[in-house]
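Right, one structure below, let's go through it.
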Amino acid sequence: MAALPDDALDQIFRDARTFRWWDGRPLTPETLQAIADLAKLGPTSANCSPARFVFVVSPEAKEMLRPHLDEGNVRQTMSAPATAIVAYDTEFYEKLDYLAPHSPDARSWFAGKPAVIEETAFRNSSLQGAYLIMAARSLGVDCGPMSGFSRKGVDGAFFPDGKIKSNFLINLGYGLREKLHPRQPRFAFDAFCRIA
Numbered sequence: 007m008a009a010l011p012d013d014a015l016d017q018i019f020r021d022a023r024t025f026r027w028w029d030g031r032p033l034t035p036e037t038l039q040a041i042a043d044l045a046k047l048g049p050t051s052a053n054c055s056p057a058r059f060v061f062v063v064s065p066e067a068k069e070m071l072r073p074h075l076d077e078g079n080v081r082q083t084m085s086a087p088a089t090a091i092v093a094y095d096t097e098f099y100e101k102l103d104y105l106a107p108h109s110p111d112a113r114s115w116f117a118g119k120p121a122v123i124e125e126t127a128f129r130n131s132s133l134q135g136a137y138l139i140m141a142a143r144s145l146g147v148d149c150g151p152m153s154g155f156s157r158k159g160v161d162g163a164f165f166p167d168g169k170i171k172s173n174f175l176i177n178l179g180y181g182l183r184e185k186l187h188p189r190q191p192r193f194a195f196d197a198f199c200r201i202a
């Protein structure tokens, strides 16, 4: 497999930024589906795929989200064409007969083990949220991932049965580059990596 060309790496990583201002163009349902269809291909433990994404687009859904946002995140979220709620299914293991057919005992690795369920679901939904960011950027859509919201409030509004729990949010749209601050520093290799 060949390395991606520099312009692709620029789009996905080097020139990609966290956006908080949007140009107003909408995201179509087809674009959101294309993003999700790419993101779902990233690996997870035993293919458990616990992430559940809610794309908040309609004015009604945005108003459901608004009271659960930290004050500093309201403007950027309400003006974004879409906000993805990255969440996880606490009963993800019930789908392993479909998702991991080569491991017929996979359900038993999780059933009745709440700490293992929580750790696996949170870790892997975090991975899948990152895949969603990479997929969006790959398709020319800018992202504004964030915390800064009430998980309890979002869960009550969007997942009232209690089986799905929110992890983080990603605003999606076409960002205004002129509103960006200079990129903040990143560590040099030796400051955060070592080769053992």
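Position one of the sequence shown corresponds to residue 7 (my numbering), numbered consecutively onward. All C-beta atoms, glycine included, are put in the ideal place defined by N, C-alpha and C. Since the structure is predicted, the reported quantities are computational estimates derived from the model, not experimental observations.
What is the residue span of the alpha helix (DSSP H) that residue i lies within?
i	result
residue 162	157-164
residue 197	195-198
residue 104	102-105
Thinking just about the alpha-carbon of each residue, which of the options is nearest to the one in residue i?
i	options	result
residue 23	201, 159, 182 and 200	182
residue 93	173, 202 and 184	173
residue 190	21, 138, 132 and 85	21
residue 126	148, 49 and 39	49
residue 42	169, 194 and 140	140
residue 89	95, 97, 80 and 96	80
residue 61	112, 114 and 84	84
residue 28	112, 98 and 87	87
residue 18	184, 143 and 35	143
By DSSP, does residue i sit in helix, in strand, or in coil?
i	result
residue 122	helix
residue 115	helix
residue 186	coil
residue 168	coil
residue 129	helix
residue 174	strand
residue 94	strand
residue 7	coil
residue 148	strand
residue 75	strand
residue 135	helix
State buried or exposed for residue i, treating a residue as buried only when at least 16 other CB atoms are found within 10 Å of its CB.
i	result
residue 55	buried
residue 146	exposed
residue 201	exposed
residue 171	buried
On the premise that residue j lies in contact with residue i, defined as a C-beta separation below 8 Å, what is that separation, rounded to the nearest angstrom?
i	j	result
residue 82	residue 150	6 Å
residue 57	residue 153	Contact doesn't hold; Cβ gap of about 16 Å is too wide.
Between which two residues does the beta strand (DSSP E) holding residue i run?
i	result
residue 83	Residue 83 -> not in any beta strand (DSSP E); alpha helix (DSSP H) instead, spanning 80-84.
residue 13	Per DSSP, residue 13 belongs to no beta strand (DSSP E); it is in the alpha helix (DSSP H), 12-15.
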